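K.L.:
Number of protein chains: 2
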Amino acid sequence: MFEIVDRDGLGRLGRLATRHGSVQTPALLPVINPNNVLIPPREMADRFGAEIVITNAYILRRTKSAGGSVEGDVHNRLAFEGPIMTDSGAFQQHVYGDVDVTNGEIVRYQASIGSDLVTMLDVFSEPSHSRAEASAGVDETLRRAKEAAAIKEEVGPDPFALVGVVQGGVHAPERTRCAQEISKLGVDVAAIGGVVPLMESYRFRDLVQVVIASRQGLSPHLPVHLFGAGHPMLFALACLLGCDLFDSASYAKYARAGRMMFVDGTWRASELEHRICECAACAKRTPAELAGDERAIAEHNLAVSFAEIGRVRQAIKTGDLWELVERRCRAHPALLDGLKELRRHASWLESFEPLSRHSALFYTGSETVYRPILHRLRTRLQERYSPPRRKVLVMFPEGEKPYMARQAAAMEKVERVCNAHFLVKSAFGPVPIELDEMYPISQSLVPDQLDLEVLEASEVFARQFLAGAGYEFGILWEGDATLEELSKWREEPTPIDWILQRVRATADMQFGRGAADALLAGKVDLVRSKNTGRVRNVLVDCRHILSMRAHDGFFSLRAEGGKALHRAFAKPALRVVVDPETAEFNRAGKNVFAKFVLAADANLRPMDEVLVVDPDDALVAVGQCLLGPEEMAAFDRGLAVRVREGLPP
Amino acid sequence: MFEIVDRDGLGRLGRLATRHGSVQTPALLPVINPNNVLIPPREMADRFGAEIVITNAYILRRTKSAGGSVEGDVHNRLAFEGPIMTDSGAFQQHVYGDVDVTNGEIVRYQASIGSDLVTMLDVFSEPSHSRAEASAGVDETLRRAKEAAAIKEEVGPDPFALVGVVQGGVHAPERTRCAQEISKLGVDVAAIGGVVPLMESYRFRDLVQVVIASRQGLSPHLPVHLFGAGHPMLFALACLLGCDLFDSASYAKYARAGRMMFVDGTWRASELEHRICECAACAKRTPAELAGDERAIAEHNLAVSFAEIGRVRQAIKTGDLWELVERRCRAHPALLDGLKELRRHASWLESFEPLSRHSALFYTGSETVYRPILHRLRTRLQERYSPPRRKVLVMFPEGEKPYMARQAAAMEKVERVCNAHFLVKSAFGPVPIELDEMYPISQSLVPDQLDLEVLEASEVFARQFLAGAGYEFGILWEGDATLEELSKWREEPTPIDWILQRVRATADMQFGRGAADALLAGKVDLVRSKNTGRVRNVLVDCRHILSMRAHDGFFSLRAEGGKALHRAFAKPALRVVVDPETAEFNRAGKNVFAKFVLAADANLRPMDEVLVVDPDDALVAVGQCLLGPEEMAAFDRGLAVRVREGLPP
């Protein structure tokens, strides 16, 4: 019932199907209080773009409708034809004491009123709970989740969608365990619960840890709801961590208290002397008029919240969600702590990072250098890159891009004297000069003045790299040394073909160490752009094996190249294994759907070039995967691999 | 014709009087193209809050009105009764070549059509101009400014306001010279010109340097217009540097190109797939509808621009303009370079910094520690603070606030063994523990995880401080050492009265070294809050000399305290010298208006407690100054000192 339409790392644009229509994600679900409908759901849809709302089944069950009944379809009671999610009252039970309803009762009640997304009654764990308390809560939550799943089975065909809840307090292993177990039951949506106390006390670093621990246990095919996260300053960060759904009672609660929500914080309307917002509610009123108007403030809060959801969606589409998050997290030092926590998870986050993006990478502060895509760059340099054997290594400082073109004169000067290789000690780590057009090196912008932290990190990265890179160099030279210094390394010139070196290095970085040797075994012809001189196509023994993409400097794989990689790399490397029954379609050039993917190399990344094989490891096609390996295996909907060339049997 | 209503550093809320009414600043002046009125000025006022517009006199002069004439009142021609500024065509002359009009002609023309703000025809300096070229341009610009001022004199009573232009290219000394000379002529507004090429090429670091160099030469009583700065991503930064007026042709030019302006950058409307804005124009349309609608995009651009002006105004009011600027400058690495440039000017910026603010200081990144108010903290610690004489200095790491309350147990443990003083090595620099409630120490929030840059800077600040502080300490101890280590410094306990020490240290930090000795000479009684235990009033020999403010930990000065400071500190220290003819009103407790200020101590800062004296240095009152010393002397309007107590003769 959920499919990924587009993605930026863990952040995803999705489509969630319900019995009352489908919902774009990330989505914000305004909370409708059936006792006090401030803004009717229909109006929320028309004016703010709400596609789905949420209401509380526990309150509904105690509240007679106009017809005097607590029964009847929830869509009629809320006068809304779109999807409706219902909550179980677990939070109320936790905050206000015993709620006189069982899990079975409230799940059945939600089913009876036609809720589209039915939430189980989970056990709320406080951040103060010990591991043992949290663990007991998880056990009971899982027992109830099973019970709820069984009730869903009873309903038969076209049942409601079941929302399972991940609890576990601030104990990461409990969160992960709960998430893993929930993923095995018949739930359709995973909700991360028990986080309101963390948000209320601005413990955003703990929030990040909790969301990551939960997400690490969840199957990627489940849409993730972050319970109670109704403040727009959190949406971007939460989406970056893979959350898809948010509920907001805040728009109304804040309005009742005269408080206006913004992406960079909260203002008491009565404190404002100037109009600080462009929304329709603010544009029509003076700040003083606004301060006394609960409904207008609620409209403001909704307008800001839905616009932020739109910005997050657009950022996922554009590929600059990290930039948005890094900006948003400057709103409060506690959010900055949340952002800084991400670097500790760079390795895990990297596994969801696409090969490249269409938008440039912007440096926004010292946190940027720890982004997962830069972590990958440094890791692959150590694991996949082999420098050419030269006596001298010349290091250039960070500078204008593309590096090779800018440093051409300096390189030529050195190469007249001795045989050298060239590295740029960039803000993001050491960059062999022949990789300067590979994403995100050329496609990034850094300020002229770098943070000390970044300079030191760059130094550390360079040292780590040099220690493992196996250079036989004698000296490091930072660009301004005299030729006398270099001349002691004078030797017979054996010039490097930098264009070929770029092709070789890129192939190894993209596909793995050894890919260049495998792909380029034979007579290599490089077809270059007449305008830019950049490599466009790579032919080996007159066969077109690779095309180099202008926008990111990576290769598109052709069938002939795929054959070479398939011979050189043992399974499961680079492979997506598909159902043998559908393989013939892929051989004919048809795309691979996630439903038919049996397995995929765990080292693949979204947007990677892949080998599509059948279970016998026969190569059936080459193409580009749109999902990560875990996702390809887990999803039943959506495209997994866009096939470029099929290989007829 | 300009007065300051409120301020945050160089940023100011002002009121600019014109013949067609007064204008709140910071203000945005939408450019009206008389040949192509996309949105009529009247509508801009009603819908977006525009109070003033700008149009181009050079174009008006070539464009016949509906009546077939180029003469007639500009207010009629634009159908706008509010203030109208006219531009001279200098930019057109520069971009499109020779404009066939002289400075005298265009100034007289603007006067003839009833323009409220008449702009001289300056000579546009390109960033590529050499110092000599820029200097020649400045000479000619100044000659024309004198000519324009003479024309203004001819007009007689109730003349137009004259806009003088600061040129000088990227050469700071030329900018400053031009600004100084312009300030001496009869101009009413200073415009910083020649900056569009810097903005177009994202040279924001150069822009910051140019604005600062210009502002350093300008008299503070002149409102400052930044020519061509129409992108909302720049407003906050420009206001922080003392700009008050902006013109925007961008709202229309961008709209024509299908481009939408946001505070964090620019989007091509056609590239948007999601609704990313809350403004009325965006709320009513799908992104696709918007993309084809130039007028709607222009409305969007205006809504966003005016809302940002409102946010800047509110930030000045609230005292968090620095936080806003630090957030805004994350939108692009080139803006971050502009922000990072500010630390080089911390010492100059500090002279405009108020003593304290009402809002807490938020750490947003490594740039924060270089804010002028923190520069002041470190400077005053070196210049004004005298630590108590103790053998041992104990250093605590950054931690929870207020430091003294949090470290009470650790302090007590140490004090049982030896006589020690205590410092916190905070993110912002070393903090003697008795100053922990002084703004912004307790009134600041930093993340738990500090940037390496900040940690290193903190170390450097601490070392600088310790080198000059004259401690007779033997060891530094970071909080966890054993008592054995301390016991070698064991001596007869001479406990510090930390409450009195707080009063002494605060007095010296606030008024200057020696203030504590001067103020506390006699029998000291401290009146403390029953609830918090914090000092409220300081009495010496039964006379109330100081009150300590809860919100910022600084003192309010009473008349008796003023007398003591007046005796101890020779003029001009702490003094505001007023006209003898109005001094009697101040003696009676009336406030001091800027018009009657003759001079003020250059070391005073906005919100400082001051001694109001007559030219014979007789003390007439004590109070709080609302302006800086240069401003008090330069302004003819507005309040300079809020008198707390007058001293009857």
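So the sequences go chain by chain: A and B. Going left to right, the first sequence walks through residues 1293 to 1941 as this note's numbering numbers them. Going left to right, the second sequence walks through residues 1293 to 1941 as this note's numbering numbers them. Think of the CB as a built atom: it goes at the ideal place given N, C-alpha and C, for glycine as much as any other residue. Keep in mind that this is a model prediction, so the values were computed, not measured.
Determine whether the Cβ of Gln1741 (chain A) lies closer than 7 Å to any Cβ atom of chain B.
P.N.:
Among the CB atoms of chain B, one or more fall inside 7 Å of the CB of Gln1741 (chain A).
K.L.:
Under 7 Å, do Val1752 (chain B) and Ala1712 (chain B) count as touching if we go by C-beta distance?
P.N.:
no
K.L.:
Quickly, what does DSSP pair Met1412 (chain B) with across the bridge? List them, please.
P.N.:
When beta bridges are read from the DSSP output, Met1412 (chain B) appears opposite no residue.
K.L.:
Can you tell which of A:Ala1891, A:Gly1881, A:Arg1850, A:Glu1873 has the C-alpha that lies nearest to the C-alpha of Arg1867 (chain A)?
P.N.:
A:Ala1891
K.L.:
Excluding the 5 residues flanking Leu1490 (chain A) on each side, which residues of the same chain have their C-beta closer than 8 Å to its C-beta?
P.N.:
Hits under 8 Å: Pro1419, Val1462, Phe1496, Asp1498, Leu1499, Val1502.
K.L.:
If you measure from the beta carbon of Lys1953 (chain A) to each beta carbon in chain B, is any gap under 7 Å?
P.N.:
Outside the shown range of chain A, which is 1293 to 1941, sits residue 1953 (chain A), and nothing can be said about it.
K.L.:
Quick one: does Val1596 (chain B) have its CB under 7 Å from some CB of chain A?
P.N.:
Using beta-carbon distances, Val1596 (chain B) counts as an interface residue toward chain A, with a partner under 7 Å.
K.L.:
With DSSP collapsed to three states, give me the class of Pro1625 (chain A).
P.N.:
helix
K.L.:
So with Cβ pairs under 7 Å, would you call Lys1717 (chain A) a contact of chain B?
P.N.:
By this cut-off, Lys1717 (chain A) is not an interface position.
K.L.:
Going by CA-CA distance only, name the one from A:Leu1352, A:Asp1928, A:Ala1426 that's closest to Asn1327 (chain A).
P.N.:
A:Leu1352
K.L.:
Between the Cα of Phe1452 (chain A) and those of A:Ala1309, A:Glu1618, A:Ala1575, A:Ala1464, spot the shortest distance and give me the residue it belongs to.
P.N.:
A:Ala1309
K.L.:
With respect to 6 Å, is the separation between the Cβ of Ser1427 (chain B) and the closest non-hydrogen atom of the ligand HEM below this value?
P.N.:
With respect to the ligand HEM, the structure shown offers nothing to examine, as it has no ligands at all.
K.L.:
Using a Cβ-Cβ cut-off of 7 Å, state whether His1650 (chain A) counts as contacting chain B.
P.N.:
no
K.L.:
With burial defined as no fewer than 16 other Cβ atoms inside 10 Å of the residue's Cβ, what is the status of Thr1317 (chain A): buried or exposed?
P.N.:
buried
K.L.:
For a contact meaning CB atoms closer than 8 Å, what does Pro1722 (chain B) contact in chain C?
P.N.:
No chain C is part of this structure, whose protein chains are labelled A and B.
K.L.:
Using alpha carbons as the reference points, say which of A:Cys1569, A:Leu1533, A:Asp1893, A:Lys1609 lies closest to Ser1597 (chain A).
P.N.:
A:Cys1569
K.L.:
Quick one: residues in its chain with C-beta nearer than 6 Å to the C-beta of Lys1693 (chain B), no 5 flanking neighbours on either side, listed in chain order?
P.N.:
Ser1734
K.L.:
Check whether the Cβ atoms of Leu1594 (chain B) and Pro1579 (chain B) lie closer than 7 Å to each other.
P.N.:
no
K.L.:
Taking Cβ positions, are Gly1915 (chain B) and Arg1936 (chain B) nearer each other than 7 Å?
P.N.:
yes
K.L.:
Any idea which residues DSSP pairs Leu1288 (chain B) with across the strands?
P.N.:
Nothing about residue 1288 (chain B) can be reported from this structure: the residues present for chain B run from 1293 to 1941 only.
K.L.:
What separation, rounded to the nearest whole angstrom, lies between the Cα atoms of Ala1875 (chain A) and Pro1732 (chain A)?
P.N.:
34 Å
K.L.:
Are the C-beta atoms of Glu1570 (chain A) and some chain B residue less than 7 Å apart?
P.N.:
yes
K.L.:
Could you check how far apart the C-beta atoms of Val1832 (chain A) and Gly1814 (chain A) are, in whole angstroms? I think they sit under 8 Å.
P.N.:
4 Å
K.L.:
When you compare only the Cα positions, how much space is there between Gly1760 (chain A) and Asn1895 (chain B)?
P.N.:
57 Å
K.L.:
Taking the alpha helix (DSSP H) that Gln1800 (chain B) falls in, what are its first and last residues?
P.N.:
For the record, residue 1800 (chain B) in the displayed sequence is Asp; it is not Gln. 1790-1803 is the extent of the alpha helix (DSSP H) around Asp1800 (chain B).
K.L.:
Inspect the CB distances between the segment 1395-1412 of chain A and the segment 1436-1456 of chain A and report whether three or more fall short of 8 Å.
P.N.:
yes
K.L.:
Give the residues of chain A in contact with Ser1658 (chain B), contact being defined as C-beta atoms less than 9 Å apart.
P.N.:
Gly1657, Ser1658, Asp1743, Leu1744, Glu1745
K.L.:
For the segment 1499-1514 of chain B, which residues have a CB atom closer than 7 Å to at least one CB atom of chain A, in sequence order?
P.N.:
none
K.L.:
I'd like to know whether the C-beta atoms of Asp1300 (chain B) and Leu1647 (chain B) end up nearer to each other than 7 Å.
P.N.:
No, they are not a contact pair.
K.L.:
Which residue wins for smallest C-alpha separation from Ala1880 (chain A), given the options A:Asp1908, A:Leu1857, A:Ala1862, A:Val1912?
P.N.:
A:Val1912
K.L.:
Determine which residues share a DSSP beta bridge with Ile1346 (chain A) and list them.
P.N.:
Note: Ile1346 (chain A) sits in a beta bridge opposite A:Val1323, A:Met1377.
K.L.:
Using the rule of at least 16 other Cβ atoms within 10 Å of the residue's Cβ for burial, across every protein chain shown, is Trp1640 (chain B) buried or exposed?
P.N.:
exposed
K.L.:
Are the beta-carbon atoms belonging to Phe1321 (chain B) and Ile1346 (chain B) less than 7 Å from one another?
P.N.:
Looking at the sequence provided, one finds Leu at residue 1321 (chain B) rather than Phe. For the pair Leu1321 (chain B) and Ile1346 (chain B), the CB atoms are nearer than the 7 Å cut-off.
K.L.:
Which residues of chain B have a Cβ atom closer than 7 Å to the Cβ of Asp1556 (chain A), listed in chain order?
P.N.:
Arg1619
K.L.:
Please state whether DSSP places Glu1923 (chain B) in a helix, a strand or coil.
P.N.:
helix
K.L.:
Closest by CA to Glu1600 (chain B), which one among B:Ser1821, B:Arg1620, B:Gly1611?
P.N.:
B:Arg1620
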